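K.L.:
Protein chains in written order, with the numbering used here: chain A, 1 to 279; chain B, 1001 to 1285.
Every residue gets a Cβ at the ideal spot worked out from N, C-alpha and C, and that includes glycine.
Source: prediction; values computed, not measured.
(1) Does DSSP put residue 1198/B in a helix, in a strand, or in coil?
(2) Starting from the N-terminal side, write out each stretch of the beta strand (DSSP E) that is 3 residues or longer and does not extend beyond the stretch 1136–1177 of chain B.
(3) For a cutoff of 8 Å on Cβ pairs, would you count residue 223/A as touching chain B?
(4) Is the Cβ-Cβ distance between residue 1241/B and residue 1052/B less than 8 Å?
(5) Under 8 Å between the Cβ atoms of residue 1256/B and residue 1160/B?
(6) Quick check on residue 245/A: does DSSP put it in helix, strand or coil?
(7) DSSP three-state call for residue 1226/B: helix, strand or coil?
(8) Name, please, each residue of chain A whose Cβ falls closer than 7 Å to the Cβ of residue 1178/B.
(9) Does the CB of residue 134/A have a neighbour CB from chain B at under 8 Å?
(10) Give me the Cα-Cα distance between residue 1196/B and residue 1177/B, rounded to the nearest whole angstrom.
(11) Any C-beta of chain B within less than 8 Å: which residues of the stretch 231–252 of chain A qualify?
(12) Just to check my reading of the structure: residue 1004/B and residue 1103/B have Cβ atoms closer than 8 Å, yes? What is that Cβ distance to the nearest angstrom?
(13) In the DSSP output, what is residue 72/A paired with across the bridge?
(14) Counting pairs of beta carbons, one from the stretch 1079–1093 of chain B and one from the stretch 1112–1119 of chain B, are three or more of them closer than 8 Å?
(15) Going along chain A, which residues have a C-beta under 7 Å from residue 1038/B?
(16) Would you call the stretch 1143–1153 of chain B in contact with the stretch 1126–1135 of chain B, where contact means no fewer than 3 C-beta pairs closer than 8 Å?
(17) Starting from the C-beta of residue 16/A, find all residues in its chain whose C-beta is less than 6 Å away, skip the five residues before and the five after it, and write them out in chain order.
(18) Contact between the stretch 154–166 of chain A and the stretch 219–236 of chain A is defined here as three or more beta-carbon pairs at a separation below 8 Å; is this criterion met?
(19) Hey, how far is the Cα of residue 1218/B from the Cα of residue 1182/B?
(20) Is residue 120/A closer than 8 Å to residue 135/A when the C-beta atoms are compared?
(21) Once you ignore the five residues that flank residue 116/A on each side, which residues in its own chain have a CB closer than 8 Å to its CB?
(22) Can you list, in chain order, the residues of its chain with a C-beta nearer than 6 Å to that of residue 1016/B? Leave out the 5 residues immediately preceding and following it.
(23) Distance check for residue 90/A and residue 1192/B, CA to CA, integer angstroms please.
(24) Between the stretch 264–276 of chain A and the stretch 56–66 of chain A, are three or more C-beta pairs nearer than 8 Å?
(25) Would residue 177/A and residue 167/A qualify as a contact pair, given that the criterion is a beta-carbon distance under 8 Å?
(26) Pairs of beta-carbons, one from the stretch 1077–1085 of chain B and one from the stretch 1029–1043 of chain B, closer than 8 Å: are there three or more?
(27) Under a CB-based cut-off of 8 Å, is residue 1014/B close to chain A?
(28) Do residue 23/A and residue 85/A come within 8 Å of each other at the CB atom, strictly closer than that value?
(29) Between the C-alpha atoms of residue 106/A and residue 1258/B, what's the straight-line distance to the nearest angstrom?
(30) How many Å lie between residue 94/A and residue 28/A at the Cα?
(31) What would DSSP say about residue 1096/B, mapped onto helix, strand or coil?
(32) On the premise that residue 243/A lies in contact with residue 151/A, defined as a C-beta separation below 8 Å, what is that separation, rounded to the nearest angstrom?
(33) Give the single residue among 1248/B, 1157/B, 1249/B, 1069/B whose Cα lies nearest to the Cα of residue 1231/B.
(34) Can you find at least 3 beta carbon pairs, one from the stretch 252–259 of chain A and one from the stretch 1057–1077 of chain B, that sit closer than 8 Å?
(35) Going by beta-carbon coordinates alone, are residue 1026/B and residue 1245/B separated by less than 8 Å?
(36) Please state whether the Cβ-Cβ distance between residue 170/A and residue 185/A is less than 8 Å.
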């Protein structure tokens, strides 16, 4: 394969090498978290984690396990760097990012370590493109201290049901209010926009509800502008878990299947809007 | 000055319309030169259009069933008009299913290229459609500006890769940089490269083949026979100019070539059965 012969000589120098027969298995999931220019890459022997943050109030993470890659070699326990995500996506889609059947772009992603660019070798139809993207020292991602022991309410829904609601959300509403309760209305999304208030209710015995574990009634509001980007992750996913903890912090976890049917995860953490006191 | 032409064949009309639509995507205005045998669409390289120049040549008899013209004078048997190709394209698109389309140089409130056609309707009567596309007559003293460009003394000539692939790559590169380096050698290799503070990207095409100009020697403007086949000739151009050229291409050409004059100009040549299009993109510093 042309790509491996290209970088064979440098193989010893790379601390991270990850290859995919279909670059879309990386680019599609990255699109689900592209709402800011910069992304923090963190690679471990388990796989790749890509983090994007917004004003310390919102954090999105995409997880691509090492098994997804056709080749995944890492020489250290942890390799981290920061790159411009929009540039990376333009490079991953350099051959047009079309979804023509039988046509895919092969990718070999290589990194030599601190101070070196992220090198991508992409190939489609015999044409090879080499990209060198400058990296920066990775910032420390915010720790939202969201742990499962502190979770008060959790539901798992089929994405289908939420997709419709999210596509219709009143964008003139500054906040999205989420109510979760062991009793009516169980799971409710509310907006307060110029044309009035809207509520989307999901009963706990609905077909779409795969899991319902609510221990106490909680109503929290989150800035609409922060949650809007999560719609991209929702669009790609087949299932989503919505959890809130005692502080009202929100965790959205999306199960995404890639082109080859393999599973990857995207999660969003969001702080509650502080202007409104909890019920 | 007189000109009238008639197109009867629907495929010719289609093709003619597509050529003009392609031209309209390349430039807002250009010069149309009419001679007894040909039509030329010309854009001369001026600072205003970033130095880009274009020469498109159509052999009249491949399109027109009837073609009569009388130029400015018997010695200068030619008509030179400044036209807005988009207006012509729009007018032609409305008459695609006509049995015959007539083009005529007329003088209404100003000189016009009039496109007239009879369109079928559901009833037995037909509908007459006329478009008067304003043009400006170019005086003889300016004709020297619109002469056929000579073949540049290029360093490398190479066949282009599939235009669609080039366009896909260049569309993405345009997001990353304003400038692009086009380089090629006589071993059939071509690279497109961008290099900025944030990123450098280079796309490598190989086994493209080089047109056999060499036979006539360097008097014709060809690569010198002693040139190292692997040595790259390169020119840095404004990426939007190259993108604009590719956006316009609606039909796959039978031959597509690129001549590079090192650090001077990228000369693109597209040949279809009955149309040839040349596009010159100058180097930027």
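P.N.:
Let me spell this out:
(1) coil
(2) 1156–1159
(3) It does not: the Cβ of residue 223/A has no partner Cβ on chain B nearer than 8 Å.
(4) It is a contact, given that the beta carbons lie within the stated cut-off.
(5) yes
(6) Here residue 245/A sits in strand by DSSP.
(7) coil
(8) Those within 7 Å of residue 1178/B in chain A number zero; the least Cβ separation is about 14 Å.
(9) Answer yes: the Cβ-Cβ gap between residue 134/A and chain B drops below 8 Å somewhere.
(10) 7 Å
(11) Residues: none.
(12) Cβ atoms of residue 1004/B and residue 1103/B come within 8 Å of each other, at about 7 Å.
(13) Paired residues: 18/A.
(14) yes
(15) Those within 7 Å of residue 1038/B in chain A number zero; the least Cβ separation is about 36 Å.
(16) Result no; under three Cβ-Cβ pairs closer than 8 Å.
(17) 43, 74, 79, 111
(18) yes
(19) Bear in mind that the predicted position of residue 1218/B carries a pLDDT of just 44, short of 50, making it too unreliable to give a figure here.
(20) no
(21) Within the same chain, residue 116/A has close Cβ partners 135.
(22) 1063
(23) 15 Å
(24) yes
(25) In terms of Cβ geometry, residue 177/A and residue 167/A do not form a close pair [threshold 8 Å].
(26) In short, these stretches touch, since the Cβ pair count reaches three.
(27) no
(28) no
(29) 28 Å
(30) 14 Å
(31) coil
(32) 5 Å
(33) 1157/B
(34) no
(35) yes
(36) Going by C-beta atoms, residue 170/A is not nearer than 8 Å to residue 185/A.
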